[in-house]
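Have a look at the structure below before the remarks.
Residue numbers (our numbering), protein chains in the order written: chain A, 140 to 324; chain B, 63 to 411.
Now the structure itself:
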């Protein structure tokens, strides 16, 4: 039998994403304008609005824009990017953004990529995901060229969980949101 | 300047399929089935059917942003067992998947079980050994089986559609292994589907990202197209598919040649079939609204009162009619993932 080795090609080419960085993190959130970008997933609107309200109460920030991601703030499927007019409004009317829910596959992909667009434009953005979709959010953040995307991980599932429980989860997580926005971690 | 990429190589103790299978396994690669080792000679044989710089970066595939070159596609085609003559179809299907309207980032990442349906039209189907006849979705035909598999391997290896990472599909599905057939042009009463979409090249490929096929059997209609189409419409009318809340979602209706002949004999055109199904595949607006919090609908659909019926898709043109399959009174309904549009391209290496 021959002992010669055989050379074969490997089938997994390298990723070449457009690499970007987080926006600078503000030292304090006092007086900053908070935006909510809601992708319409079940309970996303409730979770994000409540999280923004608690964040504002804790830090002296102010909630200035709550919107869905379709044109004119209309609802849109979560598996597409935010509408361009909504992106412009977030740039004009907010300083920091909470977005989600990243609790499925395609909605995680587009919540993460929306957050990256905002970070590139100088707006710190937190993606709200759940324990069961955190691995996907981590993989996709790296795939899209910004592994450090600010991610708030809530218990799973958000869709179908009652509002008092969701409020408890967010109350416990507000300090984490502050840390993500002010330090990036 | 042309941007290029050269793939990595590895040493195997021998050229056996087992050695390659183990190598992929150890790296978390592959689709779980045995493969052919992509030696330089085998990859070269594949590239003989392509034109242009084999190492030119053609595009990246989402969500991983992996670079796609002709050589990388050829490596995956060798792994899959593709006959080299089918390679231009693999490349064309990958080009279609990289088209912006395909939304491959969403298609691969979603929890939905979506898989790309690859349809092969025209001369290449016969030349490269594809079948659009009996049992065309398998098993058995090498070109059909391996081309669908080569596309899936490229999704896994380049696009990063690895279950639990870049592919969140809750269940996955068998069509994610391979899902490819030729159009049955010889028995299509309406000529080539690609031509009906304005692609006049001798060979073309269509890719539609949706569910697996749902069968519709009708032997009772005695050739009455209305009865056949009403059954197909009933298979299209369901709250359990993404077409219901997403009006841009397409349906691919794969008509068996006998059903297609029944329609053509009553002077129905391809567009007539779409229009009839658009008219019949409907539910009350109130039912859609009760079941979906978010409706990605055409604007006009939101203004329809609750007691009126609404179609399962936003316009008749979203119902794509293709003839494939062999003898028998069967047709297939392939619903859409939703936030994606099918693409038909001329075959190019």
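Every residue gets a Cβ at the ideal spot worked out from N, C-alpha and C, and that includes glycine.
Since the model is a prediction, treat every value here as computed from it, not as a measurement.
For residue j and residue i, believed in contact at Cβ under 8 Å, the rounded distance
i                      : j                      : result
residue 275 of chain A : residue 190 of chain A : That pair is no contact at about 21 Å.
residue 180 of chain B : residue 267 of chain B : 6 Å
residue 110 of chain B : residue 148 of chain A : Not confirmed; about 16 Å, so no contact.
residue 282 of chain A : residue 228 of chain B : 7 Å
residue 295 of chain A : residue 253 of chain A : So it is not a contact: roughly 21 Å between Cβ atoms.
residue 287 of chain B : residue 328 of chain B : 5 Å
residue 209 of chain A : residue 222 of chain A : 6 Å
residue 151 of chain B : residue 409 of chain B : 6 Å
Rounded straight-line distance, which links the Cα of residue j to that of residue i
i                      : j                      : result
residue 106 of chain B : residue 133 of chain B : 8 Å
residue 92 of chain B  : residue 147 of chain B : 23 Å
residue 184 of chain A : residue 302 of chain A : 11 Å
residue 140 of chain A : residue 74 of chain B  : The predicted model places residue 140 of chain A with a pLDDT of 48, which falls under 50 and marks its position as unreliable; any figure quoted below should be read in that light. Taking the straight line joining both Cα atoms gives about 15 Å.
residue 143 of chain A : residue 321 of chain B : 58 Å
residue 159 of chain B : residue 378 of chain B : 24 Å
residue 153 of chain A : residue 130 of chain B : 9 Å
residue 374 of chain B : residue 345 of chain B : 8 Å
residue 162 of chain A : residue 318 of chain A : 14 Å
residue 166 of chain A : residue 268 of chain A : 24 Å
residue 300 of chain A : residue 271 of chain A : 14 Å
residue 301 of chain B : residue 350 of chain B : 7 Å
residue 342 of chain B : residue 292 of chain B : 7 Å
residue 122 of chain B : residue 214 of chain B : 15 Å
residue 352 of chain B : residue 368 of chain B : 10 Å
residue 181 of chain A : residue 354 of chain B : 10 Å
residue 114 of chain B : residue 258 of chain A : 38 Å
residue 238 of chain B : residue 177 of chain B : 5 Å
residue 251 of chain A : residue 247 of chain B : 44 Å
residue 108 of chain B : residue 211 of chain B : 15 Å
residue 158 of chain A : residue 153 of chain B : 27 Å
residue 290 of chain B : residue 186 of chain B : 31 Å
residue 206 of chain A : residue 286 of chain A : 26 Å
residue 323 of chain A : residue 198 of chain A : 16 Å
residue 316 of chain B : residue 395 of chain B : 6 Å
residue 320 of chain A : residue 157 of chain B : 39 Å
residue 314 of chain A : residue 225 of chain A : 27 Å
residue 236 of chain B : residue 202 of chain A : 47 Å
residue 99 of chain B  : residue 244 of chain B : 27 Å
Residue environment, residue i, which counts as buried when at least 16 other CB atoms sit within 10 Å
i                      : result
residue 127 of chain B : buried
residue 66 of chain B  : exposed
residue 160 of chain A : exposed
residue 291 of chain A : buried
residue 282 of chain B : exposed
residue 311 of chain A : exposed
residue 279 of chain B : exposed
residue 272 of chain B : buried
residue 63 of chain B  : exposed
residue 226 of chain B : exposed
residue 151 of chain A : buried
residue 266 of chain A : buried
residue 149 of chain B : buried
residue 245 of chain A : buried
residue 193 of chain B : buried
Opening and closing residue of the alpha helix (DSSP H) in which residue i lies
i                      : result
residue 309 of chain A : 302 to 322
residue 149 of chain B : 149 to 160
residue 210 of chain B : 204 to 219
residue 168 of chain B : 166 to 171
residue 66 of chain B  : Residue 66 of chain B -> no alpha helix (DSSP H), and no H or E assigned at all.
residue 238 of chain B : First-last for residue 238 of chain B: undefined, no H or E at that position.
residue 244 of chain A : 244 to 259
First and last residue of the uninterrupted beta strand (DSSP E) at residue i
i                      : result
residue 363 of chain B : Run containing residue 363 of chain B: none in the beta strand (DSSP E); it sits in the alpha helix (DSSP H), 361 to 364.
residue 183 of chain B : 177 to 184
residue 249 of chain B : Per DSSP, residue 249 of chain B belongs to no beta strand (DSSP E) and is neither H nor E.
residue 172 of chain A : 172 to 177
residue 406 of chain B : 405 to 408
residue 82 of chain B  : Run containing residue 82 of chain B: none in the beta strand (DSSP E); it sits in the alpha helix (DSSP H), 79 to 88.
residue 346 of chain B : 344 to 346
residue 384 of chain B : 381 to 385
residue 265 of chain B : 265 to 272
residue 223 of chain A : No beta strand (DSSP E) holds residue 223 of chain A; the alpha helix (DSSP H) holding it covers 223 to 232.
residue 192 of chain B : Careful: residue 192 of chain B lies outside any beta strand (DSSP E) and carries neither H nor E.
residue 289 of chain A : 289 to 293
Amino acids of chain C, ordered along the chain, whose beta-carbon sits closer than 8 Å to that of residue i
i                      : result
residue 279 of chain A : The structure shown contains no chain C; its protein chains are A and B.
Given 8 Å as the limit, is there contact between the segment 253 to 263 of chain B and the segment 203 to 217 of chain B, that is, 3 or more CB pairs closer than that?
Counting C-beta pairs with one atom in each stretch, the segment 253 to 263 of chain B and the segment 203 to 217 of chain B have fewer than three that are closer than 8 Å, which means they do not touch.
Counting Cβ pairs closer than 8 Å, one from the segment 296 to 315 of chain B and one from the segment 357 to 375 of chain B, do we hit at least three?
Counting Cβ pairs under 8 Å, three or more are found: they touch.
Contact between the segment 275 to 286 of chain A and the segment 217 to 232 of chain A is defined here as three or more beta-carbon pairs at a separation below 8 Å; is this criterion met?
Contact between the segment 275 to 286 of chain A and the segment 217 to 232 of chain A is absent, because fewer than three Cβ pairs lie under 8 Å.
Using a Cβ distance threshold of 8 Å, determine whether the segment 162 to 174 of chain B contacts the segment 227 to 242 of chain B, with at least three qualifying pairs required.
With the rule of 3 Cβ pairs closer than 8 Å, the segment 162 to 174 of chain B counts as touching the segment 227 to 242 of chain B.
Report yes or no: do three or more beta-carbon pairs, one from the segment 226 to 236 of chain A and one from the segment 167 to 175 of chain A, lie closer than 8 Å?
yes
Taking contact to mean at least 3 C-beta pairs separated by less than 8 Å, is the segment 393 to 410 of chain B in contact with the segment 362 to 370 of chain B?
no
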